[in-house]
Amino acid sequence: MKFLIFATCLLFSVARAGDPTLADLSPTVDHMVEAVLSSDPAGYLSYVAPDDPMFFQEQKNWARDLEIHCPISFRIDLDGGGFAVQRDGSITVPMTMTWKMAENARSRRVSYPARFVERDGRWLYAGEQWVRVKAPGVEVLVEPEDKSVGIQIASVLPGVRERLDELSGITTERVQQVKVYGSMKHLQQSIYLSYTDPLGGWNEPGESIKLVRQGIRSGQQMRSLLAHEYGHVITFALGSDATHMPWWVLEGFAEYCSAVLAGSPHRFPPIVSRWAERGNLRTWDQLSDFRGEAMNHQGHVYAQGHHMIVFLVEQFGLEKLIEWLRAQAQGDALDDASRAVFGMSWADIDQAWQKSLGVSKAP
Ligand SMILES: [Zn+2]
Numbered sequence: 223m224k225f226l227i228f229a230t231c232l233l234f235s236v237a238r239a240g241d242p243t244l245a246d247l248s249p250t251v252d253h254m255v256e257a258v259l260s261s262d263p264a265g266y267l268s269y270v271a272p273d274d275p276m277f278f279q280e281q282k283n284w285a286r287d288l289e290i291h292c293p294i295s296f297r298i299d300l301d302g303g304g305f306a307v308q309r310d311g312s313i314t315v316p317m318t319m320t321w322k323m324a325e326n327a328r329s330r331r332v333s334y335p336a337r338f339v340e341r342d343g344r345w346l347y348a349g350e351q352w353v354r355v356k357a358p359g360v361e362v363l364v365e366p367e368d369k370s371v372g373i374q375i376a377s378v379l380p381g382v383r384e385r386l387d388e389l390s391g392i393t394t395e396r397v398q399q400v401k402v403y404g405s406m407k408h409l410q411q412s413i414y415l416s417y418t419d420p421l422g423g424w425n426e427p428g429e430s431i432k433l434v435r436q437g438i439r440s441g442q443q444m445r446s447l448l449a450h451e452y453g454h455v456i457t458f459a460l461g462s463d464a465t466h467m468p469w470w471v472l473e474g475f476a477e478y479c480s481a482v483l484a485g486s487p488h489r490f491p492p493i494v495s496r497w498a499e500r501g502n503l504r505t506w507d508q509l510s511d512f513r514g515e516a517m518n519h520q521g522h523v524y525a526q527g528h529h530m531i532v533f534l535v536e537q538f539g540l541e542k543l544i545e546w547l548r549a550q551a552q553g554d555a556l557d558d559a560s561r562a563v564f565g566m567s568w569a570d571i572d573q574a575w576q577k578s579l580g581v582s583k584a585p
């Protein structure tokens with residue numbers, strides 16, 4: 223497979239009269255800071271370049287969080303020493319964001335080379351300055367020192383995508399973008415300022431698959447990781463309410479996709495039987511809300527969710543499972559989708575599942 227690598231070459235020629243300078247970015251940066259500190263998503267987004275729809279969607283979600291979590295301090299510093307005007311007229315400059323979410327919270331800081339583009343006489347923030355590795359249907363964005371990781375992902379992802387498209391009967395047309403962040407704190411910052419949970423990957427509708435460099439190994443581990451994240455892409459393609467499904471359904475199906483690529487689609491995660499023996503299962507309600515109670519049971523969200531998905535596939539077949547996911551992605555509640563597709567109430571399915579695990583006392 224052929225890979226094309228696009229990196230921006232820095233211009234070292236002497237600046238010409240009329241070239242943009244660091245001072246031209248000041249109004250943009252000032253407005254971004256002001257919008258963040260006043261919980262103003264629309265104001266912030268008016269200084270974000272809309273050219274790349276995935277980046278813009280990520281920034282929309284980033285800005286939307288300001289309405290719920292507004293930092294008490296936030297600043298952006300640009301390092302003029304690394305300022306460069308690129309061949310396409312854009313500006314690249316090392317940027318540092320520093321912020322604090324609450325008086326008693328620690329101060330956080332992330333630095334990366336940022337890009338700004340001029341549109342209608344205004345300079346707009348265009349995100350990180352990435353190196354882009356392209357393969358058919360796939361574009362991987364990496365930091366310059368991670369080019370080889372980009373090439374590996376670009377070689378593995380098309381196969382993962384083909385296998386899971388075939389399995390689910392759902393074909394996604396778009397070029398699948400993957401961003402690889404050099405650090406966990408940079409990935410967290412890219413999600414939104416208030417995000418602090420450790421994570422290996424992230425994916426939301428319309429966003430790129432986001433991974434953190436240190437979590438990526440090669441071979442089977444990479445295939446499994448990409449399959450998990452691409453599993454989310456499939457679910458999101460099923461309907462506009464997909465993110466409102468119970469969290470365990472989303473992660474359970476993603477884990478199932480990962481197991482398919484590992485060659486073990488029928489394997490139940492063994493830890494769940496041990497939890498069942500010790501009376502350590504959770505109710506499905508406890509595993510449903512990503513922003514609430516389920517955050518306290520993350521291990522169960524993934525493993526117990528995966529266990530139930532395998533159970534449903536064994537009981538009803540994969541085609542029915544996809545139909546059940548589709549019903550929920552289009553707004554059906556769990557019980558309604560289960561009655562419509564499996565012909566059973568959710569309570570009855572849960573009971574059958576517990577029985578399969580030998581549970582005598584419900585969690
Ligand atoms: Zn996931």
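The numbering of the sequence shown is the working numbering, which starts it at 223 and goes up by one. Here a beta-carbon is modelled for each residue, glycine too, at the ideal position from N, C-alpha and C. Values in this document were obtained by computation on a predicted structure and should not be read as measured data.
Measuring from the CB of residue i, is there a heavy atom of ligand 1 at a distance below 7 Å?
i, result
"A551", "no"
"H528", "no"
"A476", "yes"
"E473", "yes"
"H454", "yes"
"H522", "no"
"P450", "Looking at the sequence shown, residue 450 is not Pro but His. Flag set: Cβ of H450 near ligand 1."
Tell me which residue opens and which closes the alpha helix (DSSP H) that residue i is part of.
i, result
"L509", "Unbroken run through L509: none, as it is neither H nor E."
"G265", "P263 to L267"
"P249", "S248 to L259"
"D570", "W568 to S578"
"I456", "G441 to F458"
"S524", "Note on residue identity: the sequence assigns Tyr, not Ser, to residue 524. Looking at the DSSP string, the run of the alpha helix (DSSP H) that includes Y524 is Q520 to F538."
"V382", "K369 to S390"
"R561", "L556 to F564"
"R435", "Looking at the DSSP string, R435 is not in any alpha helix (DSSP H), and its letter there is neither H nor E."
Could you tell me the alpha carbon to alpha carbon distance between residue i and residue j, rounded to whole angstroms?
i, j, result
"A574", "Q537", "10 Å"
"P263", "K282", "7 Å"
"S268", "M317", "19 Å"
"I553", "P242", "As written in the sequence, residue 553 is Gly, which differs from the Ile given in the question. Those two C-alpha atoms are separated by around 49 Å."
"E365", "K401", "9 Å"
"I392", "W352", "30 Å"
"I431", "I290", "24 Å"
"L415", "S405", "15 Å"
"D419", "G580", "34 Å"
"F533", "N425", "25 Å"
"V362", "T505", "38 Å"
"V535", "M467", "18 Å"
"I571", "H408", "41 Å"
"G501", "D301", "56 Å"
"K577", "A498", "10 Å"
"C479", "V258", "38 Å"
"Y347", "D299", "13 Å"
"M276", "V455", "13 Å"
"G565", "L503", "25 Å"
"F490", "V471", "15 Å"
"L232", "S440", "For L232, the predicted structure reports a pLDDT of 42, less than 50, and the residue's modelled location is therefore unreliable. A value from the coordinates is still provided. If I take the Cα positions, the gap works out to 31 Å."
What whole-angstrom Cβ distance do residue i and residue j have, given they're in contact under 8 Å?
i, j, result
"A196", "I493", "In the structure as shown, the chain starts at 223 and stops at 585, and residue 196 therefore has no counterpart that could be examined."
"G453", "V434", "About 18 Å separates the two Cβ atoms, so there is no contact after all."
"G304", "P335", "7 Å"
"V523", "W469", "6 Å"
"E395", "Q279", "Going by Cβ atoms, the distance from E395 to Q279 rounds to 16 Å, so no, they are not a contact pair."
"I544", "S390", "6 Å"
"G381", "V355", "About 16 Å; that fails the 8 Å criterion."
"L448", "L379", "5 Å"
"Q374", "M444", "6 Å"
If distances are taken between C-alpha atoms only, which option among the options comes closest to residue i?
i, options, result
"L386", "A476, E340 and A376", "A476"
"S333", "S578, S412, K577 and E256", "S412"
"Q442", "S377, P491 and Y417", "S377"
"Q398", "G553, E451 and Y478", "E451"
"F458", "E473, R445, S446 and G527", "E473"
"N326", "E367, P293, L409 and A306", "P293"
"D511", "G527, G501, R500 and E499", "G527"
"D342", "D287, P272, L503 and V471", "P272"
"H488", "E361, V382, V455 and L540", "L540"
"S329", "R297, W352, A306 and Q308", "R297"
"D287", "S261, V471 and P275", "S261"
"D507", "S495, L556 and E384", "L556"
"V251", "R309, V315, M276 and G240", "V315"
"G266", "G240, W284 and L247", "Per the sequence presented here, residue 266 reads as Tyr, with Gly not at that position. Closest option to Y266, Cα to Cα, is W284."
"R309", "V471, P427, F338 and G485", "F338"
"S486", "Y347, S446 and W497", "S446"
"E256", "E367, D246 and W321", "W321"
"S495", "D463, R513 and H529", "H529"
"L460", "L247, R548 and E340", "R548"
"R344", "M254, P358, E367 and A357", "M254"
Just curious, the beta strand (DSSP E) that residue i is in, first and last residue?
i, result
"A336", "R330 to R341"
"P316", "I313 to K322"
"P348", "For the sequence presented, residue 348 should be read as Ala rather than Pro. Where A348 is concerned, the enclosing beta strand (DSSP E) stretches over R344 to E350."
"E361", "V360 to V364"
If we define contact as Cβ-Cβ less than 8 Å, is residue i a contact residue for chain D?
i, result
"K282", "Absence of chain D from the displayed structure is noted, only one protein chain being present."
Sorry if obvious, but does the Cβ on residue i come closer than 7 Å to a heavy atom of ligand 2?
i, result
"D262", "Among the ligands modelled here, namely ligand 1, ligand 2 does not occur."
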